[in-house]
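Colleague: Residue numbers (the working numbering): 932 to 1123. In this text, a Cβ means the ideal position worked out from N, Cα and C, and glycines have one as well. Note that the structure is predicted; figures quoted are calculated from it, not measured.
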C-alpha cells in the first residue's frame, strides 16, 4: 500500500507555517502579553476558562490540566478550567443551541478579573464569538488563539494571537499547541 502524500512534504509545510508565525513582528510580544494577562488573573484570585471545538477543545483541556496539574515544576495547582463537560455541552446545546455552549458557562462560572482563552482555527467559531461577548459583559479579558486571517474574533477579543495559514486546520493547531506550551511555562514561572 502506497500513501497518496509524502510525509516529508507535510513536515516541510509544518515548518513553513511555524517559521512564518515566528517571523511575524509581534508574535513574541503577543505571547508574552497573553502570559501576563493569565498570570495576573491567577495571582489575583482569578482563573482561566478555556474553550474550543474538536481538536481545539483538546488543546483547551490540555492547557487547563497542565495548570491544575503539573507541567515542568512541582508547584501549587493553578486555577484553570476547560469547558468540556458533556452534560453541560449537551444541555445547553439542546436548550439554547450549540452557539451558546461556552457563553452560558462563562455567564455562570466567570467572574470579573478572570480570563477567557478561546481557540478557533477559523477565527469564526460562533460559540467562541458568543463566549468573548459574555466574557466582556462579566469584566473578563479574552485571549484567542486564531488561524487564517483571525476572522471575526480578532476584533472581538482583547488579545488575538493569529497563525496566518489558509490551508488545513491541522497546521494551525500544531502552532497553537506550541503557543499553549509556552503560555503554560510562562504562567507557571510568573505564578510560582
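Spatial neighbours of residue 1075 within its chain, please: CB distance less than 6 Å, with the 5 preceding and 5 following residues excluded, ordered by chain position.
Modeller: 1049, 1084, 1088, 1091, listed in sequence order.
Colleague: Output the boundary residues of the beta strand (DSSP E) element that contains residue 1017.
Modeller: Not the beta strand (DSSP E): residue 1017 falls in the alpha helix (DSSP H), residues 1017–1026.
Colleague: Note the first and the last residue of the continuous alpha helix (DSSP H) segment covering residue 1065.
Modeller: 1057–1069 is the span of the alpha helix (DSSP H), which, as asked, contains residue 1065.
Colleague: What does the Cβ neighbour count give for residue 1063, buried or exposed, with the cut at 16 atoms within 10 Å?
Modeller: Residue 1063 is buried by the Cβ-count criterion.
Colleague: Are residue 959 and residue 1096 closer than 8 Å when you measure CB to CB?
Modeller: No, the pair does not count as a contact, with Cβ atoms beyond the cut-off.
Colleague: Quick one: what's got a C-beta closer than 6 Å to residue 1123's C-beta in the same chain, skipping five residues either side?
Modeller: So the qualifying residues of the chain are 1006.
Colleague: Taking the alpha carbon of residue 985 as the point to measure from, which residue in 1061, 1104, 1023 has its own alpha carbon closest?
Modeller: Closest by alpha carbon: 1104.
Colleague: Do the region 1025–1044 and the region 989–1008 meet, that is, are 3 or more Cβ pairs less than 8 Å apart?
Modeller: Not touching, per the Cβ criterion.
Colleague: How should residue 950 be labelled, buried or exposed, when 16 other C-beta atoms within 10 angstroms of its C-beta is the threshold for buried?
Modeller: Exposed, since its Cβ has fewer than 16 Cβ neighbours within 10 Å.
Colleague: Below 8 Å on the Cβ atoms is my contact criterion, and I expect residue 1018 with residue 1047 to pass it. Report the Cβ-Cβ distance as a whole number of Å.
Modeller: With 8 Å as the limit, residue 1018 and residue 1047 do not qualify as a contact, their Cβ atoms being about 21 Å apart.
Colleague: Determine the extent of the beta strand (DSSP E) in which residue 1013 is found, giving its start and end residues.
Modeller: Start and end: 1011–1013.
Colleague: Can you tell which of 1016, 1034, 982, 975 has its C-alpha closest to the C-alpha of residue 1107?
Modeller: Nearest option by C-alpha distance: 982.
Colleague: For residue 1061, which residues from the same chain have a beta carbon less than 8 Å from its beta carbon, with the 5 sequence-adjacent residues on both sides left out?
Modeller: So the list reads 1030, 1031, 1033, 1034, once near-sequence residues are dropped.
Colleague: What residues are listed by DSSP as bridge partners for residue 1047?
Modeller: 980, 1073, per the DSSP bridge assignment.
Colleague: Excluding the 5 residues flanking residue 1082 on each side, which residues of the same chain have their C-beta closer than 6 Å to its C-beta?
Modeller: Within the same chain, residue 1082 has close Cβ partners 1053, 1054, 1055.
Colleague: Excluding the five sequence neighbours on either side, which residues of its own chain have a C-beta within less than 8 Å of the C-beta of residue 966, listed in chain order?
Modeller: Closer than 8 Å at Cβ, skipping near neighbours: 1113, 1114, 1117, 1118, 1121.
Colleague: For residue 1039, collect the residues of the same chain with a Cβ closer than 8 Å to its Cβ; drop the 5 residues on either side in sequence, then sort them by chain order.
Modeller: Within the same chain, residue 1039 has no close Cβ partners at all.
Colleague: Three-state secondary structure (DSSP) at residue 1078?
Modeller: Here residue 1078 sits in strand by DSSP.
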